[in-house]
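Protein chains: 4
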Amino acid sequence: MAIILGDNQYGKAESRIVRIYRDGPRHEIRDLNVTTALRGPFAPAYLTGDQSNVLPTDTQKNTAYAFAKSKGVESIEQYGLELARHFVHDVTPVEGARIEIEEFAWERAVVDGEGHDHTFLRKGQEVRTAAITVDATGEYVIGGLKDLTVLKSTGSEFAGFLEDEYTTLAETHDRVMATSLDVKWRFGTTDVAWDEVYADVKKLLVKEFATLQSLALQQTLWHMGTAVLEAHPEIVEIKLKAPNKHHFDYDLGRFGIENNGEVYWAADRAYGLIEATLVQDDAPPAHDAWKFSAGLA
Amino acid sequence: MAIILGDNQYGKAESRIVRIYRDGPRHEIRDLNVTTALRGPFAPAYLTGDQSNVLPTDTQKNTAYAFAKSKGVESIEQYGLELARHFVHDVTPVEGARIEIEEFAWERAVVDGEGHDHTFLRKGQEVRTAAITVDATGEYVIGGLKDLTVLKSTGSEFAGFLEDEYTTLAETHDRVMATSLDVKWRFGTTDVAWDEVYADVKKLLVKEFATLQSLALQQTLWHMGTAVLEAHPEIVEIKLKAPNKHHFDYDLGRFGIENNGEVYWAADRAYGLIEATLVQDDAPPAHDAWKFSAGLA
Amino acid sequence: MAIILGDNQYGKAESRIVRIYRDGPRHEIRDLNVTTALRGPFAPAYLTGDQSNVLPTDTQKNTAYAFAKSKGVESIEQYGLELARHFVHDVTPVEGARIEIEEFAWERAVVDGEGHDHTFLRKGQEVRTAAITVDATGEYVIGGLKDLTVLKSTGSEFAGFLEDEYTTLAETHDRVMATSLDVKWRFGTTDVAWDEVYADVKKLLVKEFATLQSLALQQTLWHMGTAVLEAHPEIVEIKLKAPNKHHFDYDLGRFGIENNGEVYWAADRAYGLIEATLVQDDAPPAHDAWKFSAGLA
Amino acid sequence: MAIILGDNQYGKAESRIVRIYRDGPRHEIRDLNVTTALRGPFAPAYLTGDQSNVLPTDTQKNTAYAFAKSKGVESIEQYGLELARHFVHDVTPVEGARIEIEEFAWERAVVDGEGHDHTFLRKGQEVRTAAITVDATGEYVIGGLKDLTVLKSTGSEFAGFLEDEYTTLAETHDRVMATSLDVKWRFGTTDVAWDEVYADVKKLLVKEFATLQSLALQQTLWHMGTAVLEAHPEIVEIKLKAPNKHHFDYDLGRFGIENNGEVYWAADRAYGLIEATLVQDDAPPAHDAWKFSAGLA
Chain A
1 MAIILGDNQY GKAESRIVRI YRDGPRHEIR DLNVTTALRG PFAPAYLTGD QSNVLPTDTQ
61 KNTAYAFAKS KGVESIEQYG LELARHFVHD VTPVEGARIE IEEFAWERAV VDGEGHDHTF
121 LRKGQEVRTA AITVDATGEY VIGGLKDLTV LKSTGSEFAG FLEDEYTTLA ETHDRVMATS
181 LDVKWRFGTT DVAWDEVYAD VKKLLVKEFA TLQSLALQQT LWHMGTAVLE AHPEIVEIKL
241 KAPNKHHFDY DLGRFGIENN GEVYWAADRA YGLIEATLVQ DDAPPAHDAW KFSAGLA
Chain B
298 MAIILGDNQY GKAESRIVRI YRDGPRHEIR DLNVTTALRG PFAPAYLTGD QSNVLPTDTQ
358 KNTAYAFAKS KGVESIEQYG LELARHFVHD VTPVEGARIE IEEFAWERAV VDGEGHDHTF
418 LRKGQEVRTA AITVDATGEY VIGGLKDLTV LKSTGSEFAG FLEDEYTTLA ETHDRVMATS
478 LDVKWRFGTT DVAWDEVYAD VKKLLVKEFA TLQSLALQQT LWHMGTAVLE AHPEIVEIKL
538 KAPNKHHFDY DLGRFGIENN GEVYWAADRA YGLIEATLVQ DDAPPAHDAW KFSAGLA
Chain C
595 MAIILGDNQY GKAESRIVRI YRDGPRHEIR DLNVTTALRG PFAPAYLTGD QSNVLPTDTQ
655 KNTAYAFAKS KGVESIEQYG LELARHFVHD VTPVEGARIE IEEFAWERAV VDGEGHDHTF
715 LRKGQEVRTA AITVDATGEY VIGGLKDLTV LKSTGSEFAG FLEDEYTTLA ETHDRVMATS
775 LDVKWRFGTT DVAWDEVYAD VKKLLVKEFA TLQSLALQQT LWHMGTAVLE AHPEIVEIKL
835 KAPNKHHFDY DLGRFGIENN GEVYWAADRA YGLIEATLVQ DDAPPAHDAW KFSAGLA
Chain D
892 MAIILGDNQY GKAESRIVRI YRDGPRHEIR DLNVTTALRG PFAPAYLTGD QSNVLPTDTQ
952 KNTAYAFAKS KGVESIEQYG LELARHFVHD VTPVEGARIE IEEFAWERAV VDGEGHDHTF
1012 LRKGQEVRTA AITVDATGEY VIGGLKDLTV LKSTGSEFAG FLEDEYTTLA ETHDRVMATS
1072 LDVKWRFGTT DVAWDEVYAD VKKLLVKEFA TLQSLALQQT LWHMGTAVLE AHPEIVEIKL
1132 KAPNKHHFDY DLGRFGIENN GEVYWAADRA YGLIEATLVQ DDAPPAHDAW KFSAGLA
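Residue numbers (my numbering), protein chains in the order written: chain A, 1 to 297; chain B, 298 to 594; chain C, 595 to 891; chain D, 892 to 1188.
This is how it looks when you write it as structure tokens:
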């Protein structure tokens, strides 16, 4: 038996970078959490501790901060592409770069009915994400969002399901449906109006969630995904992960009180978890685009 | 030496209660995390295990859910008062009740430019809080908010401070100031338009943060507090706790890049922590109003 | 109406300080999270932004790191006392100092059956805490622990409780009892073998939890507290806070399977919360000893 | 263009199951967090909302609780295999099952020097994990651990690395190295003494971390992985993910105090992140074994 070094990468995770644009009195802010990872001929670092090919993670962090100024952060997709290209093209041994970014949105503070020039409130809703890969096979951009918590108080059913000896669930034709969306979409090109597309994808996801009479969370995810792929041909694949955040009717009948879907217990755990991928039939290959640094799988 | 049973209370913490108003097609939602605690002649439960005076925490939870329907949740302050009064007035041995509530705000999903009837997005910004105490001395209501993260990208200084042999900090006349506000205000009455006052207090806090040329976070807190107390005579005391969420200039000069307050490292820990209480000179006594269940202090 | 500045303090929270003792081949480690806060004549900082009395929180942090070397960390209580005394005695305007410390325990890595000289595993069990106050009225030390999760699988009952119209709970004479202990004890002196007392208090708390046939969590807390106060006259007051981490029998009878207290659902929320203070009848006054920086109450 | 439904699965995440063995006076406890997911012909649920093939996630949860009694929890790997086989073999439309489990270890409370019969302390150190897949291609078991935080206070270097224009890091030949290990290992067989192997793998990981004079975290991971693969031929692949939890020397020279690697700032973010896979050259194919439910990648 011989032991082989398989997939490996290294980098600097979670550099918290805040970029302020302050060229005039009206400032802008972009607030990022940046992870970089490099792939390439790094086996000697593992096998013998030889670091001669290893660009320190500290240097990767310095580069991420420097690029926030020298290249700017028009969008996290554009900024991540700049970073990834630099590592692959400018740092000799590096063969592949993976950049993962979270962005936290801020909104202008409202003072006397007007948006303030240089004061912001953290919006606190969903986190926007991007994952960029550049390697010998090409350039890959994945946009996304997470922690977008949505709830509909009617318009959701669950019935006609398979039953076995462990089934005790009752059918329902009117329930609360709530989830915290984690959605990622792969672009087939890098020629994209990143911020506009992001805003529209979010809008489409919310609209489908709201307007579909849902027979199952699975069906809702399918409709969300197709709405995005149909409206945005530049998006070739979309992955949706949705915990079913259960809201259980609280039994008030025991106290002589009617509860017509008005009082719920919002449970923490366990929760349903539905996951689906939708892909255009002519999508180009993904190669390592979906290899997240957060997990080796 | 004899051992005495001092302060004690017991209750049910963190009942997650969601109340949907669905009397017409346009639903409303109030999403709460409710903690109840009772005070009174409960020494036998401690000393001998005698539970005859002890209303189970499970019963307290049932009551909180039942009241969400029977009394409704017009505001968390009103709902909390109903609950507290019930425990003290209707359950014989109970002498004091403490209700602490967190409320998570939702906004209507926007579909084709219109707010949707029954679909909501969790807003995700600050958490609204209330702490209600009812006992033999009276009724006490504390409103509040937490996790309201604000940042100003200029208009903040820090200079002229005391120095000793451990001081290395440089003075600055232009820095980012950011904090996550935790503010609580005590009412001198229960005759209050709770939701309107809440909205106005938040607006005032944000305005003072934005418009004051700040010489120190302490000064900013003082101005926030006075703005609230002056505008709202029904509020007799306000406590502000503000972590100084440090944003450090990243040194790009090492790479020949100018950084004029444009690229920051947002640090996690350590952070400054400023705490202050402002009180009207004729405020009625607080008695146990500030005794939080979350901590015995 | 006039507005008065009431209680206030400021400091640096959560300095993560790791102290290695490496004078010989066998190293020691103390891993701390240190919060300092100062009280005194700081009103000008609030009212006019005048910082001339304000020792920066950055300086407080520097001092905490410096003292980890110059004074050492024999125990967190001793180290905290050194820090607090320094601020009050050596920094002119400061009138009171509050030091709050969390300590994370490590154990030696075991290699070939022996404890390793310089490799450690984070123990991960309870967090040890200390809160030291020094001001004009004296010196106060509070020891403590939190997140000590204990469970007994029998020897716990709950019956004979008060019932009202919202009561649905069944009595039980054999249940799982589990809690995550948060206990703090005030010393009446600073002449204490801090580490030995800490170890013994933990041992006593666990022993009482284990051996008492419990009729209620309240009773268990009382026995824990009295055991500590009786064994340690240098401790004059103890506060216990215990969430009742509910373990509910899972109903397997629906599937024709007996469940004699063997399969439980460990619930997250809601949970019971029991809080009690025990004090020696001749305890000296606590003054500001219990005023935690974490909360203004 | 046509849209295709790609990878999908659904299940119940995070059922918190506590199993007590209480056949005699000396109880045992196994404390689990169980996630189940099913794969198969579920496209109709997505495309038309047809649930006739869908075993509800609620049923999956019921089954997980029932099996904790009827099959028992000798080890999480054995229990997970039972569950997965049941779903695939006994529930007609299901083609593949994925079970992911976290186990929280408890130790007996020590009372008067003896381990107590029915009282336990949560150990709080690493979390043990298992991920079981059963499908038409076979049975796959992945063991693992996470959150095992280790630190060595000497015996770690970092030098001779690649430099570019963004490199400012100094070389070091004596630093603190700390990490929180996340390791997963794939078995080539299901005929394993699961608990014994787990204990030995943990021991080997710690020993290599402790005893290797480390030139880089990469090298340490390689040595850990090879030690496990060489000692356990039943393990055919191992993946290690290690954040470099930076401990920075605090500059005490500014205060005239020497700091010879004795006082550190333990930073939160950013952190290095090193990931590697080691595999036996004759390992059988992994198929879907590494497809975690927690992420779609």
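Quick reminder that beta carbons are idealized off the backbone N, C-alpha and C, glycines included.
Chain D contact for residue i (CB, 8 Å cutoff)
i	result
B:R566	yes
B:T332	no
B:R405	no
B:K465	A quick correction: the sequence has Thr, not Lys, at residue 465 of chain B. Closer than 8 Å to some Cβ of chain D, the Cβ of B:T465 qualifies, so yes.
A:V176	no
C:I614	yes
C:K606	no
Residue nearest to residue i in terms of C-alpha spacing, selected from the options
i	options	result
D:H918	D:V1092, D:G1079, D:G1006 and D:T1040	D:G1006
A:A2	D:D949, D:F1146 and D:L1120	D:L1120
D:G902	D:N953, D:H1064 and D:T948	D:T948
D:G931	D:L946, D:G940 and D:D922	D:L946
A:T179	A:H173, A:E171 and A:K146	A:K146
D:S906	D:E991, D:P984 and D:G987	D:E991
D:G866	D:D1173, D:A1022 and D:G987	This structure leaves residue 866 of chain D out entirely; chain D is present only between 892 and 1188.
D:G897	A:E275, A:T119 and A:Q60	A:E275
D:P1175	D:T1102, D:E1030 and D:W997	D:E1030
D:Y1089	D:F1100, D:F1183 and D:V1074	D:V1074
C:W816	C:A730, C:A691, C:L872 and C:H712	C:L872
B:G321	B:I535, B:D414 and B:H584	B:D414
B:A402	B:E392, B:V391 and B:L418	B:L418
C:L842	C:Q603, C:N602, C:F681 and C:D862	One detail in the question is off: residue 842 of chain C reads as Phe in this sequence, not Leu. It is C:D862 whose Cα lies nearest to the Cα of C:F842.
CB contact below 8 Å: residue i versus chain A
i	result
B:G452	yes
C:T773	no
B:K443	no
B:T508	yes
Contact list for residue i against chain G, beta-carbon separation under 7 Å
i	result
D:Q1109	Of the protein chains in the structure, A, B, C and D, none is chain G.
Cβ of residue i within 8 Å of any chain C Cβ
i	result
A:E165	yes
A:T57	no
D:L1042	yes
B:M298	yes
B:L593	Confidence is the limiting factor: at B:L593 the pLDDT is only 40, short of 50, which leaves the residue's position unreliable and the question unanswerable from this model.
B:I396	no
B:A427	no
D:Q951	no
Short CB-CB distance (under 8 Å) between residue i and chain B
i	result
C:L715	no
C:I868	yes
Q | Residue ranges of each beta strand (DSSP E) within the stretch 942-1007 of chain D, 3 or longer | A | 987-995 and 997-1002
Q: Spell out a yes or no on whether the stretch 180-192 of chain A and the stretch 222-238 of chain A are touching, meaning 3 or more CB-CB pairs, one atom from each, closer than 8 Å.
A: yes
Q) Where in the stretch 1021-1068 of chain D do unbroken runs of the alpha helix (DSSP H), each at least 4 residues long, occur, reported from the N-terminal end onward? A) none
Q: Would you be able to state if there are at least three C-beta pairs under 8 Å between the stretch 105-121 of chain A and the stretch 347-367 of chain B?
A: no
(Q) Closer than 8 Å between beta carbons: that is the criterion. Which residues of the stretch 1124-1153 of chain D meet it against chain B? (A) R1145 and F1146
(Q) As an exercise, report each continuous beta strand (DSSP E) stretch of at least 3 residues that is fully enclosed by the stretch 171-245 of chain A, in chain order. (A) 177-187 and 235-244
Q: Please list the residues of the stretch 72-96 of chain A that have a C-beta atom closer than 8 Å to any C-beta atom in chain D, keeping them in chain order.
A: The residues in question are D90, V91 and P93.
Q) Can you list, in chain order, the residues of the stretch 188-208 of chain A whose Cβ is nearer than 9 Å to any Cβ on chain B? A) K203, V206 and K207
(Q) I want to know whether the stretch 1088-1097 of chain D touches the stretch 1048-1068 of chain D - three or more CB-CB distances under 8 Å. (A) no
Q) Mind listing which residues of the stretch 639-650 of chain C have their C-beta closer than 8 Å to chain D's C-betas, in chain order? A) none
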